[in-house]
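Asker:
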Amino acid sequence: MTEPLPNTRQLLLIVDDDPLIADTLSIALREAFEIITSHSRPQAIQLLRQLRELPELALVDLGLPPLPHRPDEGFALISELIALAPDMRIVVLSGQNDDANARHARTLGAADFVGKPCHPMDLRKVLERVSRFESAALPPPDDARPTLIGESLPMQKLRAQLGQYAESPFPVLIEGESGSGKEILARCLHYATSRRQRPFLALNCAAISPTLVEPTLFGHAKGAFTGAAGAKAGYFEDAGEGTLFLDEIGELPLELQAKLLRVLENGEYQRVGETQTRRSHARIVTATNRDLRQEIRQGRFRADLYHRLSVFGIDAPPLREMAEDRLLLLDHYRRYYANRSQQPCFDLDAAARRLWLSYDFPGNVRELRNIVIRLTAKHPGAIVDATTLAPELDLPEELHAPTAPPPASDGESHRDAALKRLRQTDPFNLDIALAEMEQAYIDAALSIADGNVSQAARLLGLNRTTLYSRMESSSSNRSTNANSREP
Numbered sequence: 004m005t006e007p008l009p010n011t012r013q014l015l016l017i018v019d020d021d022p023l024i025a026d027t028l029s030i031a032l033r034e035a036f037e038i039i040t041s042h043s044r045p046q047a048i049q050l051l052r053q054l055r056e057l058p059e060l061a062l063v064d065l066g067l068p069p070l071p072h073r074p075d076e077g078f079a080l081i082s083e084l085i086a087l088a089p090d091m092r093i094v095v096l097s098g099q100n101d102d103a104n105a106r107h108a109r110t111l112g113a114a115d116f117v118g119k120p121c122h123p124m125d126l127r128k129v130l131e132r133v134s135r136f137e138s139a140a141l142p143p144p145d146d147a148r149p150t151l152i153g154e155s156l157p158m159q160k161l162r163a164q165l166g167q168y169a170e171s172p173f174p175v176l177i178e179g180e181s182g183s184g185k186e187i188l189a190r191c192l193h194y195a196t197s198r199r200q201r202p203f204l205a206l207n208c209a210a211i212s213p214t215l216v217e218p219t220l221f222g223h224a225k226g227a228f229t230g231a232a233g234a235k236a237g238y239f240e241d242a243g244e245g246t247l248f249l250d251e252i253g254e255l256p257l258e259l260q261a262k263l264l265r266v267l268e269n270g271e272y273q274r275v276g277e278t279q280t281r282r283s284h285a286r287i288v289t290a291t292n293r294d295l296r297q298e299i300r301q302g303r304f305r306a307d308l309y310h311r312l313s314v315f316g317i318d319a320p321p322l323r324e325m326a327e328d329r330l331l332l333l334d335h336y337r338r339y340y341a342n343r344s345q346q347p348c349f350d351l352d353a354a355a356r357r358l359w360l361s362y363d364f365p366g367n368v369r370e371l372r373n374i375v376i377r378l379t380a381k382h383p384g385a386i387v388d389a390t391t392l393a394p395e396l397d398l399p400e401e402l403h404a405p406t407a408p409p410p411a412s413d414g415e416s417h418r419d420a421a422l423k424r425l426r427q428t429d430p431f432n433l434d435i436a437l438a439e440m441e442q443a444y445i446d447a448a449l450s451i452a453d454g455n456v457s458q459a460a461r462l463l464g465l466n467r468t469t470l471y472s473r474m475e476s477s478s479s480n481r482s483t484n485a486n487s488r489e490p
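Residues in the sequence shown are numbered consecutively from 4, following this note's numbering.
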């Protein structure tokens with residue numbers, strides 16, 4: 004008998020393109036979980052944006068349409084689920100279960116990886132084990148003062164910036180990679196001010212359907228739209244004189260950006276369906292893992308809004324820049340999760356600690372935390388050695404340094420090639436040229452590696468996470484670059 008989950012059943016999202024597998028798992032797991040299913044990445048994201056409450060757990064296949072024989076769509080879905088709900092516990096269930104895929108899924112934020120085939124009852128045990136840590140992974144409640152852990156130079160700079168900007172009423176923009184703790188920094192800002200007794204409200208702009216962003220932010224009148232049975236205040240109103248944290252601000256639709264700009268300029272807004280002007284007194288803190296300057300160049304973000312939001316800017320440092328803070332975070336989280344799970348605390352031996360310090364943690368603090376959770380569950384009270392730790396880390400690509408690119412052609416330097424090209428009379432665009440060069444190297448590396456992304460990343464001197472990101476970016480920019488050639 005498996006141990007039942009406490010209280011009510013948790014909501015579990017199953018994403019698998021095989022309806023037989025999805026139906027079988029739904030039947031096998033419905034006693035333990037409330038189940039919703041989807042067969043593709045776009046459908047899953049659309050479904051979640053329609054829900055009032057997001058699932059606590061997700062079970063994701065890597066091979067999803069339109070590329071069922073490659074892991075790309077599954078990896079992209081993990082990233083999008085983390086963006087929608089940073090504390091969702093994701094378990095990957097996939098037939099593409101080589102070690103490289105497992106490590107990369109964990110780097111992106113997956114809590115665990117299970118290879119197909121897997122007996123449903125064994126899978127249920129994995130989900131229940133993962134779910135026991137779910138409440139411990141949630142952000143602190145509003146009355147809990149957050150703390151920054153670390154003594155590295157980037158952390159010292161962060162503390163100085165927080166102290167400098169805290170009492171100012173002006174907006175703060177926090178930029179940083181996924182998993183780098185941007186919401187924690189926003190909470191630190193709030194609790195370092197006289198607003199600490201006021202509300203701290205956080206809204207993830209990526210987690211809401213675009214049609215619901217405006218009433219969610221500004222509120223709505225009764226009957227303003229279908230389903231608006233009564234008047235309701237929005238986040239600006241509920242925040243009062245506290246702090247309103249808007250995460251993933253780069254996801255805000257352009258039409259809403261103009262309305263947010265108005266609030267920032269004069270504090271005025273209106274509920275949807277009302278003509279009465281209201282005033283906001285909340286301090287606005289925003290965060291993004293996107294390059295908003297690039298978004299402005301692409302026409303996806305307003306330059307005037309960016310300048311309003313970034314009166315003060317804070318860069319959340321990636322974990323790879325935080326030196327021995329990685330050990331401080333290890334010790335903090337291993338004690339924390341051992342206490343929450345009521346299990347003995349594991350430890351790393353000297354070789355494993357050296358390995359830990361050598362690892363870059365491309366998934367940042369979120370990845371570190373998930374590794375600690377897995378080690379706590381799998382090795383309670385044990386001394387973990389380097390051999391045991393290594394499979395948890397995305398190590399192979401970290402050991403390869405980038406090499407210099409070859410000359411542009413035999414006997415010709417890159418400068419000579421550039422001079423020759425710029426002296427031609429037809430139009431030239433540097434962004435397009437660089438993008439095409441990057442895509443050519445990516446295509447060549449994938450061809451040499453027979454499509455193996457890990458091997459291609461080694462040839463290019465990149466880690467696999469970076470290569471996946473650049474492949475996705477190149478794909479999305481092809482149409483933009485093609486359009487830019489049109490007269």
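All residues carry an ideal CB built from backbone N, CA and C; glycine is no exception. Fair warning: this is a prediction, and the values are worked out from it, not measured in the lab.
(1) Could you check which residue in ALA319, PRO320, ARG293 has the C-alpha nearest to that of TYR309?
(2) Which ranges does the beta strand (DSSP E) cover as unbroken runs of at least 3 residues, wholly within the stretch 47 to 102, from first to last along the chain?
(3) Rounded to the nearest angstrom, what separates ALA224 and PRO213 at their Cα positions?
(4) Taking 6 angstroms as the limit between beta carbons, can you name the residues of its chain near ILE19, skipping five residues before and five after?
(5) Looking at C-beta atoms only, is the number of pairs between the stretch 181 to 190 and the stretch 147 to 162 that lie closer than 8 angstroms three or more?
(6) Starting from the C-beta of LEU8, find all residues in its chain whose C-beta is less than 7 angstroms away, skip the five residues before and the five after it, and write them out in chain order.
(7) Based on the DSSP secondary-structure assignment, which residues constitute the bridge partners of HIS223?
(8) Pick helix, strand or coil for ASN159, following the three-state DSSP scheme.
(9) What is the DSSP secondary structure of GLY153, reduced to helix, strand or coil?
(10) Would the beta-carbon of GLN13 fall within 8 angstroms of that of GLU59?
(11) ALA205 and GLY243 - do their beta-carbons sit closer together than 8 angstroms?
(12) For MET325 versus GLY166, is the C-beta distance shorter than 8 angstroms?
(13) Out of PRO365, GLY384, LYS423, state which residue places its alpha-carbon closest to the alpha-carbon of GLU395.
(14) Could you say which of ARG265, LEU433, ALA393 lies nearest to ALA103 if we only look at CA atoms?
(15) Kindly give me the distance between the Cβ atoms of SER181 and ASN373, rounded to whole angstroms, as I take these residues to be in contact under 8 angstroms.
(16) List the DSSP bridge partners of GLU178.
(17) Which first and last residues belong to the alpha helix (DSSP H) in which GLU244 is found?
(18) Determine whether the beta carbon atoms of LEU332 and LEU371 lie at a separation below 8 angstroms.
(19) I want to know whether the stretch 81 to 90 touches the stretch 42 to 57 - three or more CB-CB distances under 8 angstroms.
(20) Run through DSSP, which three-state label would GLN167 get?
(21) Taking C-alpha atoms, which residue in HIS193, GLU258, GLU268 lies nearest to PRO149?
(22) Secondary structure at ASP26, three-state DSSP: helix, strand or coil?
(23) CB LEU2 to CB ILE287, shorter than 8 angstroms?
(24) Looking only at its own chain, which residues have a Cβ that is under 7 angstroms from the Cβ of ASP334, when we skip the five neighbours before and after it?
(25) Distance check for PRO218 and VAL117, CA to CA, integer angstroms please.
(26) Looking at the structure shown, is THR390 part of a helix, part of a strand, or coil, going by DSSP?
(27) Contact defined as beta carbons within less than 8 angstroms: I believe LEU358 pairs with ALA389. What is the distance between those atoms, to the nearest angstrom?
(28) With a Cβ-Cβ cutoff of 8 angstroms, do ALA113 and MET91 count as a contact?
(29) Apply the 10 Å Cβ neighbour rule to THR246 and answer buried if 16 or more other Cβ atoms are within range, or exposed otherwise.
(30) Can you tell me whether DSSP reads LEU437 as helix, strand or coil?
(31) Buried or exposed: which applies to PHE56, given that a residue is buried once 16 or more other Cβ atoms fall within 10 Å of its Cβ?
(32) State the start and end residues of the unbroken alpha helix (DSSP H) segment that holds GLN13.
(33) In this structure, does DSSP put PRO405 in helix, strand or coil?
(34) Please look up how many angstroms separate the CB atoms of GLY179 and ASP363, rounded, as I've assumed it's under 8 angstroms.
(35) Quick check on DSSP: helix, strand or coil for GLN442?
(36) Taking the alpha carbon of ILE211 as the point to measure from, which residue in ASP250, PHE228, ARG198 has its own alpha carbon closest?
Answerer: In short, the structure shows the following:
(1) ARG293
(2) 60 to 63, 92 to 97
(3) 18 angstroms
(4) The residue you asked about is not Ile; residue 19 is Asp in the sequence shown. Taken in chain order, the residues that qualify are ALA25, ASP64.
(5) yes
(6) In this prediction, LEU8 scores a pLDDT of 40, lower than 50, which makes its location untrustworthy; the coordinate-derived value is nonetheless stated afterwards. ALA35, GLU131, SER134.
(7) LYS235, VAL275
(8) Here residue 159 turns out to be Gln, not Asn, going by the sequence shown. Correct three-state label for GLN159: helix.
(9) coil
(10) yes
(11) no
(12) no
(13) PRO365
(14) ALA393
(15) Going by Cβ atoms, the distance from SER181 to ASN373 rounds to 13 angstroms, so no, they are not a contact pair.
(16) THR291, ASP318
(17) No alpha helix (DSSP H) contains GLU244, which DSSP labels as neither H nor E.
(18) yes
(19) yes
(20) helix
(21) HIS193
(22) helix
(23) The structure shown does not extend to residue 2, since the chain spans only 4 to 490, so no value can be given for it.
(24) none
(25) 40 angstroms
(26) helix
(27) 5 angstroms
(28) no
(29) buried
(30) helix
(31) Going by the sequence as given, residue 56 is Glu instead of Phe. So GLU56 counts as exposed.
(32) Unbroken run through GLN13 is the beta strand (DSSP E), 13 to 18; no alpha helix (DSSP H).
(33) Residue placement at PRO405 is poorly supported in this model, since its pLDDT is 37, which falls under 50; the coordinates are not used for a value here.
(34) Actually they do not touch by this definition, with Cβ atoms about 15 angstroms apart.
(35) helix
(36) ASP250
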